[in-house]
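Notes to accompany the following structure.
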DNA sequence: CTGAAAGCGCTAACAG
DNA sequence: CTGTTAGCGCTTTCAG
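Residue numbers (my numbering), protein chains in the order written: chain A, 2 to 333; chain B, 2 to 333.
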């Protein structure tokens, strides 16, 4: 390894013929330094190729200029939109973001979140994967602010930024019901996921209002991939007394459902949660529950930086609205 | 702020009635510690809620157990797939990833990369946005290994992991040419981007081989979004002597092109670089140049960890293959 | 097998 | 306006 020793501030001070502290002042842009010395120090820094060791600086000052972001799945565009938004806010504040992905594994969530705390991040944004964030309570008390994103925490006190899952699903299904549909296929991922159970509640509310009920035979769950959603809907379509409409609880379910319908030559109405790239290319009209993902990430980041900045108001929940959009069908 | 002082190893040592060093040994899992002392220390750690300060540990040992990842655009699924893959490899090695996005801004690239070096990341994976990475040469000499991803570096020495842009584009266009097409619309993003100019070279090679040439009037560039690609193709279709086929240099161009063709009721053949989510839902057959994005990220991460591990072989370029796939059309 | 002492590279107090 | 003196919390010598 060509790991020549990196020069330190001591080396710079020696080279410039000034004290360590003067070098520190120049590097930190303290105004009250003689211009001549600034010049000398700057020259030495350049000459030696000095680079301030941020880790050492942080050790002394306690801060760290990084925040942690733990999401459920970095390969999912929803979370990466959040990540991009959080990152943009952070960079603007002079912070960097350490990102980690749990792949929906509660044990990984715990390990990663605690690891980030050990790295003394200034704050943490977490999309809970498990159902117990009690392990964070201690860190929060110790002064690491935590904002929960997309799903609320259990057993830990912190701000939460969520979307209106229930209301969005309810409005979408209400439309299907208004058009006379009663037998609506429901394609869901695991109901253990907060957003899924909330959306199911919304569906239930819309049906109940119309005097209907959820038919458990039309409810498919644990559909992690478009492929699973597609097979699930194909099975429902092939069964006796098939559904006359479909509600998909996330974008992967919607993609799988559309594939199934195209393959079956069926055109029953589809509504789904989440918009997605290329949704406008869908071969027929699809109603989607949309929301502003970047805004969600921005809200979480702003909340976190408010806490880092010393905001000690009681933690609260921010719920972002959703709205129905029409996608697919004849391209405009 | 409820920032009670976090307990340090000194506090733990005092509580357990042992020396600082013994606590350190226990925490680092040194085997040669008396079981009774281990027990005592563990109990005190638990009781005080001690959390090792990784920053301080790293300061002394020089390492940092983090790697940096700088991509061009965290909102683009290509880069986030890379990020997910890199992150997975890193976590497996006990490292965390600090991610940053340049939004294709060379100045941001430089600032972010140098910032990460100041944080003493153990290594850096960088998707170059600018055309000069000379600023990194010094860091590399100082012992921070750098792997360039998706695009090669200029002015800096490091490993690079790329895909076969030229070959992929060439094969796709060769197919169109073989079917008798000569007037092929070319929808590109900025040719200043390495991958774009490489893909254009591939197109040129395929045409030249057949005795044709690129018609500059059929070449549209700087198409950053699907909307721009759509308008560009619409303009070409409306012009006299319109193209009889389309080659799209990335997935956003492909999406825009398909929109334009559907709107125009045209069915001229489309080939494009990059597969994308929902590509199978396209309303007609589209040939896409596909490649294994996660593998690309994995390759870069593995190269980086090899360097971190002390590999001092000469830096090299790894080129990953591409292949043509058929998407869209009748859903199978 | 354990502990005391000496730093890692920098910043925060104080003096001059 | 500048320099000296202590540390930040931990790991690393090197003796016991």
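Virtual Cβ for every residue (Gly too), placed ideally from N, Cα, C.
Residue 140 of chain A classed as buried or exposed, judged by whether at least 16 other C-beta atoms fall within 10 angstroms: In the first chain, the residue the question calls residue 140 of chain A occupies position 139. By the neighbour-count rule (16 or more Cβ atoms within 10 Å), residue 140 of chain A is buried.
8 angstroms Cβ cutoff met for residue 305 of chain A and residue 68 of chain A: Against the first chain, residue 305 of chain A aligns to sequence position 304. Against the first chain, residue 68 of chain A aligns to sequence position 67. Cβ distance < 8 angstroms, so residue 305 of chain A and residue 68 of chain A count as in contact.
Should residue 60 of chain B and residue 60 of chain A be called a contact, given that it needs their Cβ atoms to be closer than 8 angstroms? Here residue 60 of chain B refers to the residue found at position 59 of the second chain. Here residue 60 of chain A refers to the residue found at position 59 of the first chain. For residue 60 of chain B and residue 60 of chain A, yes; Cβs fall inside 8 angstroms.
Against residue 284 of chain B, what residues of chain A qualify as contacts under a CB-to-CB distance less than 8 angstroms, listed in chain order? Start at 1 with the first residue of the second chain, and residue 284 of chain B comes out as number 283. Residues of chain A passing the Cβ test: 282 and 284.
If you drop the 5 nearest sequence neighbours on each side, which residues of the same chain put their C-beta closer than 8 angstroms to that of residue 265 of chain A? Residue 265 of chain A sits at position 264 when you count from the first residue of the first chain. These residues qualify, in order along the chain: 235 and 238.
I'd like to know whether the C-beta of residue 278 of chain A is nearer than 8 angstroms to at least one C-beta of chain B. Within the first chain, numbered from 1, the residue matching residue 278 of chain A stands at position 277. With 8 angstroms as the cut-off, residue 278 of chain A counts as an interface residue toward chain B.
Taking contact to mean 3 or more Cβ pairs, one atom from each stretch, closer than 8 angstroms, check whether the segment 103 to 121 of chain B and the segment 119 to 137 of chain A are in contact. no
Rank B/104, B/40, B/181 and B/218 by C-alpha distance to the C-alpha of residue 241 of chain B and give the top, closest one. Taking the first residue of the second chain as position 1, residue 241 of chain B is located at position 240. Checked all of B/104, B/40, B/181 and B/218; the closest Cα to residue 241 of chain B is B/218.
Got a sec? Which residues, its chain only, sit under 8 angstroms from residue 124 of chain B by beta carbon, not counting five neighbours each side? Working through the second chain from its first residue, we reach residue 124 of chain B at position 123. Result list for residue 124 of chain B: 68, 69, 145, 146, 147, 148, 305, 306, 308 and 309, in chain order.
Which residues in chain A have a C-beta closer than 8 angstroms to the C-beta of residue 127 of chain B? List them in chain order. Along the second chain, one-based indexing puts residue 127 of chain B at 126. Correct list: empty, because the minimum Cβ distance to chain A is about 15 angstroms.
Do you know how far the Cα of residue 287 of chain B is from the Cα of residue 10 of chain A? In the first chain, counting from the first residue as 1, residue 10 of chain A sits at position 9. In the second chain, counting from the first residue as 1, residue 287 of chain B sits at position 286. Approximately 59 angstroms, taken between the alpha carbons.
Short CB-CB distance (under 8 angstroms) between residue 4 of chain A and chain B: For the purposes of this step, residue 4 of chain A is taken as residue 3 along the first chain, with counting starting at 1. With a pLDDT of only 44 at residue 4 of chain A, under the threshold of 50, the placement of this residue in the model should not be trusted, and no figure is reported.
Can you name the start and end residues of the beta strand (DSSP E) that residue 283 of chain A belongs to? Taking the first chain and counting its residues from 1, one reaches residue 283 of chain A at position 282. Taken as a continuous stretch (DSSP letters only), residue 283 of chain A belongs to no beta strand (DSSP E), as it is neither H nor E.
Buried versus exposed, by CB contacts within 10 Å (16 or more), residue 166 of chain A: Numbered from 1 along the first chain, position 165 holds the residue referred to as residue 166 of chain A. With 16 or more other Cβ atoms within 10 Å, it is buried.
Bridge partners for residue 97 of chain A per DSSP, in chain order? On the first chain, position 96 is the one that residue 97 of chain A refers to. Paired residues: A/67.
Note down the Cα distance separating residue 112 of chain A from residue 26 of chain A, rounded to an integer number of angstroms. For the purposes of this step, residue 112 of chain A is identified with residue 111 of the first chain, where counting begins at 1. For the purposes of this step, residue 26 of chain A is identified with residue 25 of the first chain, where counting begins at 1. Approximately 39 angstroms between the Cα atoms of the pair.
Quick one: what's got a C-beta closer than 7 angstroms to residue 253 of chain A's C-beta in the same chain, skipping five residues either side? The sequence position of residue 253 of chain A within the first chain is 252, counting from 1. So the qualifying residues of the chain are 226, 227 and 230.
Tell me whether the beta-carbon of residue 328 of chain A lies closer than 8 angstroms to the beta-carbon of residue 267 of chain A. Taking the first residue of the first chain as position 1, residue 328 of chain A is located at position 327. Taking the first residue of the first chain as position 1, residue 267 of chain A is located at position 266. Contact: no.
Proximal chain A residues relative to residue 161 of chain B, where beta-carbon distance stays under 7 angstroms: Taking the second chain and counting its residues from 1, one reaches residue 161 of chain B at position 160. Within 7 angstroms Cβ-Cβ: nothing; residue 161 of chain B doesn't reach chain A, min ~19 angstroms.
Straight-line Cα distance separating residue 283 of chain A from residue 333 of chain A: As a first step, residue 333 of chain A must be located in the first chain, where it is residue number 332. As a first step, residue 283 of chain A must be located in the first chain, where it is residue number 282. Only weak support is given to the placement of residue 333 of chain A: the predicted model assigns it a pLDDT of 43, under 50, and the value that follows is read from those uncertain coordinates. Computed Cα separation, rounded: 12 angstroms.
In angstroms with no decimal places, state the Cα-to-Cα distance between residue 1 of chain A and residue 205 of chain A. For residue 1 of chain A there is no data in the structure shown, the boundaries of chain A being 2 and 333.
Which of helix, strand or coil does DSSP assign to residue 30 of chain A? Mapped onto the first chain, residue 30 of chain A falls at position 29. Three-state result, residue 30 of chain A: coil.
In angstroms with no decimal places, state the Cα-to-Cα distance between residue 199 of chain B and residue 153 of chain B. Position 198 of the second chain, counted from the start, is the residue given in the question as residue 199 of chain B. Position 152 of the second chain, counted from the start, is the residue given in the question as residue 153 of chain B. Spanning the two alpha carbons is a distance of roughly 12 angstroms.
Suppose you measure from the CA of residue 325 of chain A to the CA of residue 303 of chain B; what does that come to, to the nearest Å? As a working note, residue 325 of chain A is residue 324 in the first chain. As a working note, residue 303 of chain B is residue 302 in the second chain. Approximately 44 angstroms between the Cα atoms of the pair.
Separation of residue 97 of chain B from residue 196 of chain B, as counted between CA atoms: Here the question's residue 196 of chain B lines up with position 195 in the second chain. Here the question's residue 97 of chain B lines up with position 96 in the second chain. Their Cα atoms are separated by approximately 29 angstroms.
Under 7 angstroms, CB to CB, which of the residues in the segment 71 to 83 of chain A have a partner in chain B? 75, 76, 78, 81 and 82
Quick check on the DSSP output: the beta strand (DSSP E) that includes residue 149 of chain A runs from which residue to which? What you label residue 149 of chain A is simply residue 148 of the first chain in a count that begins at 1. Segment 147 to 150, the beta strand (DSSP E) holding residue 149 of chain A.
Between the Cα of residue 93 of chain A and the Cα atoms of B/103, B/168 and B/315, which residue gives the shortest distance? In the first chain, counting from the first residue as 1, residue 93 of chain A sits at position 92. Comparing Cα positions, the closest option is B/103.
Considering residue 248 of chain A, what are the terminal residues of the beta strand (DSSP E) in which it resides? As a working note, residue 248 of chain A is residue 247 in the first chain. 246 to 249 is the extent of the beta strand (DSSP E) around residue 248 of chain A.
Classification of residue 132 of chain B by the beta-carbon crowding that lies within 10 angstroms, buried from 16 upward: One-based indexing of the second chain puts residue 132 of chain B at position 131. Exposed, since its Cβ has fewer than 16 Cβ neighbours within 10 Å.
Can you tell me the Cβ-Cβ gap for residue 213 of chain B and residue 183 of chain B, rounded? I've got them flagged as a contact below 8 angstroms. Here residue 213 of chain B is taken as the residue at index 212 of the second chain, counted from 1. Here residue 183 of chain B is taken as the residue at index 182 of the second chain, counted from 1. Contact holds; Cβ gap of about 5 angstroms.
Confirm, please, whether the CB-CB distance from residue 323 of chain B to residue 292 of chain B is below 8 angstroms. Position 291 of the second chain, counted from the start, is the residue given in the question as residue 292 of chain B. Position 322 of the second chain, counted from the start, is the residue given in the question as residue 323 of chain B. In this structure, residue 323 of chain B lies closer than 8 angstroms to residue 292 of chain B by Cβ.
Selection from B/250, B/251 and B/232 that minimises the alpha carbon distance to residue 262 of chain B: Indexing the second chain from 1 puts residue 262 of chain B at position 261. Nearest of B/250, B/251 and B/232 to residue 262 of chain B, Cα basis: B/232.
Let me check understanding here. Comparing Cα to Cα, which of B/33, B/45, B/246 and B/71 lies closest to residue 15 of chain B? Residue 15 of chain B sits at position 14 when you count from the first residue of the second chain. Ranking B/33, B/45, B/246 and B/71 by Cα distance to residue 15 of chain B puts B/45 first.
Option in B/186, B/72, B/12 and B/135 with minimal Cα separation from residue 271 of chain B: As a working mapping, residue 271 of chain B is identified with position 270 in the second chain. Of the listed residues, the one whose Cα sits closest to residue 271 of chain B is B/186.
Given a cut-off of 8 angstroms on the beta-carbon distance, is the pair residue 105 of chain B and residue 73 of chain B in contact? Your numbering for residue 105 of chain B matches position 104 in the second chain. Your numbering for residue 73 of chain B matches position 72 in the second chain. Yes, Cβ-Cβ distance for residue 105 of chain B and residue 73 of chain B is below 8 angstroms.
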